[in-house]
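The structure appears below as C-alpha cells.
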Amino acid sequence: MSESSTNSTASSEDGGRRTVVITGASDGIGAAMAQSLAAAGDRVVVVGRSAEKTRAVAQEIDAPSLVADFADFAQVEQLATRLADEYPRIDILVNNAGAVFGQRQTTTDGYEMTFQVDHLSPFLLTTRLLPVLTASRARVITTSSAANLWGRIRLDDLDKEHGRYRAQDTYGSAKLANILFTRELHRRHHGDGIAATAFHPGGVATNFSVESGSWFRFVYGPLFNRFLLSAAQGADTGVWLATAPEGEWASGEYYAKRKPARVNPQANDVVLAQQLWNRSEKLVAGA
77 MSESSTNSTA SSEDGGRRTV VITGASDGIG AAMAQSLAAA GDRVVVVGRS AEKTRAVAQE
137 IDAPSLVADF ADFAQVEQLA TRLADEYPRI DILVNNAGAV FGQRQTTTDG YEMTFQVDHL
197 SPFLLTTRLL PVLTASRARV ITTSSAANLW GRIRLDDLDK EHGRYRAQDT YGSAKLANIL
257 FTRELHRRHH GDGIAATAFH PGGVATNFSV ESGSWFRFVY GPLFNRFLLS AAQGADTGVW
317 LATAPEGEWA SGEYYAKRKP ARVNPQANDV VLAQQLWNRS EKLVAGA
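Counting with my numbering, you get residues 77 to 363 for the letters of the sequence shown.
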C-alpha cells in the first residue's frame, strides 16, 4: 500500500468535521461520494487502487489519499493499520471498492477475484477497524447492487470453482454477500453503536466492468451510456445514508433510490448471514 503526498494527518476533531473513509474512490460512484461529502464539510479520506487516479480525486477536494489493491490482503491489512493509526475516529466507512471479471481469476491470496475484491477484502477492512468504528459509533455503508437478486451463496463453493463460471452470477453472489454482511454486522454490533447499511446505486455509467469481458461490458459500455445514470446520480443514495439522521433509514437494511429495496430471499436468511461471517473470518484469518 502506498499514499499520495497529500497530508493525511487525522481527524474528525478538526473543527468538528466527520472523518469519512471511502474505498473505490478513484473514480465513479466512490469519487462522486467523496466530492459530495467533502462539499458538505466532511473530511474525506480517498482510497483507491490506482495511485494516479486516487491522487487526482484527492487533490480536487483537498483530501488525503491512500492506495490499496483489494486483490491483495496484505495491502488491505496495511490500509487498516494506517487508518487506525492515523484516524483515531472514523465516523463513516464506505465500502465501495468492487469489480467484476469475465474469466475466473484468482488473487495472490488464492481466492476468486470478484469474491475477494467485492466481499472478502471489505470484510477484512471492516473487521480490522472494528475497535475504531465502535469507539466512533460509526456508520458502515456498503455498495451492493440489484444484481444480488440473481446471486446465490453456496458456502461450499464461495470461490465458484465448480460448474460453469459466469461473470454476472459471480458478481450477483458477491453483491448478495454484501447484504448478508450488512445484516450480520448490524446484528453483531448495532448494540455497540455501529449502524450498517447497503445500497444499490442503479445502472451507472462507470468503468467498473471494463475487465468483465461479459455482457456487463456491453450494457455499461459507451453505446448505452446515455441511458445510464451519472456517477453523481448513482452516489445519491449512498450520500443520503451518510448524511441523513438514523430514523430516516434503518440499520441492517438495503436501499435503492432512498427506499428499502427488494432482495434475494437468501438475504433474509439469518443463519446464512452468521455462517457467511464465520466462514469469511476463517478465509481472511491468515491475512
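Cβ atoms here follow ideal geometry from the backbone N, Cα and C, with glycine treated the same way.
Source: prediction; values computed, not measured.
For residue i, the first and last residue of its enclosing beta strand (DSSP E)
| i | result |
| --- | --- |
| Ala150 | No beta strand (DSSP E) holds Ala150; the alpha helix (DSSP H) holding it covers 149-162. |
| Leu21 | Lying outside 77 to 363, the shown extent of the chain, residue 21 is not represented and no answer is given. |
Counterpart residues of residue i in DSSP-defined beta bridges
| i | result |
| --- | --- |
| Arg338 | Paired residue(s): none; Arg338 is not in a bridge. |
| Val121 | Val97 |
| Ala332 | His276, Lys335 |
Residue i versus the options, residue with shortest Cα-Cα distance
| i | options | result |
| --- | --- | --- |
| Thr319 | Ile105, Ala101, Met109, Ser102 | Met109 |
| Ala253 | Ala349, Thr203, Ile168, Leu169 | Ala349 |
| Gln192 | Ser112, Leu305, Asp145, Arg93 | Asp145 |
| Gly92 | Asp138, Ala107, Ile166, Arg131 | Ile166 |
| Ser220 | Val176, Thr157, Val133, Val97 | Val176 |
| Ala132 | Gly248, Ser102, Phe149 | Ser102 |
| Asn171 | Lys358, Ala250, Asp235 | Ala250 |
| Ala114 | Gly362, Thr130, Thr95 | Thr95 |
| Arg230 | Val360, Arg263, Ser356 | Ser356 |
| Ala147 | Arg125, Leu159, Ala332 | Arg125 |
| Met128 | Val347, Val143, Ile270, Arg213 | Residue identity differs from the one stated: residue 128 is Glu in this sequence, not Met. That would be Val143, whose Cα lies nearest to the Cα of Glu128. |
| Leu234 | Ala332, Thr202, Asp194 | Asp194 |
| Asp185 | Thr203, Ala150, Glu162 | Ala150 |
| Ala211 | Thr190, Tyr241, Gly267 | Gly267 |
| Lys358 | Ala156, Arg264, Thr203, Ser141 | Thr203 |
| Thr246 | Trp325, Ser141, Met189 | Met189 |
| Val347 | Lys236, Glu324, Glu136, Arg259 | Arg259 |
| Glu237 | Leu205, Thr182, His265, Leu196 | Thr182 |
| Glu162 | Gln135, Glu324, Leu205 | Leu205 |
| Ser197 | Leu155, Pro164, Pro207 | Leu155 |
| Glu136 | Ala326, Asp232, Gln111, Asp118 | Gln111 |
| Arg263 | Ala326, Asp312, Gly117, Pro164 | Ala326 |
| His265 | Ala107, Leu305, Pro207, Tyr241 | Pro207 |
| Ala107 | Asp232, Gly323, Gly117, Ala134 | Ala134 |
Proximity below 7 Å, CB of residue i to CB of residue j
| i | j | result |
| --- | --- | --- |
| Asn340 | Leu225 | yes |
| Val105 | Gly239 | It should be noted that the sequence gives Ile, not Val, for residue 105. The answer is no: Cβ separation not under 7 Å. |
| Leu261 | Leu352 | no |
| Phe222 | Gly178 | The question names Phe, yet the displayed sequence has Ala at residue 222. Contact flag unset, no. |
| Val122 | Ala139 | yes |
| Gly248 | Gly227 | yes |
| Arg215 | Ala271 | yes |
| Phe275 | Tyr187 | no |
| Gly100 | Ala173 | yes |
| Val97 | Leu200 | no |
| Leu60 | Thr273 | No answer is possible for residue 60: the residues shown for the chain start at 77 and end at 363. |
| Gly314 | Ile217 | yes |
| Gly269 | Arg334 | no |
| Ser141 | Thr157 | no |
| Glu153 | Ala307 | no |
| Pro336 | Glu329 | yes |
Start and end residues, alpha helix (DSSP H) containing residue i
| i | result |
| --- | --- |
| Thr313 | 307-319 |
| Arg131 | 127-136 |
| Ser356 | 346-360 |
| Ser327 | Ser327 -> no alpha helix (DSSP H), and no H or E assigned at all. |
| Ser102 | Segment: none, Ser102 is in no alpha helix (DSSP H) and carries neither H nor E. |
### Task
Entirely within the region 215-283 and at least 3 residues each: give me those beta strand (DSSP E) ranges in chain order.
215-219, 271-276
### Task
Enumerate, from N- to C-terminal direction, the unbroken beta strand (DSSP E) stretches of 3 or more residues contained entirely within the region 160-216.
168-171
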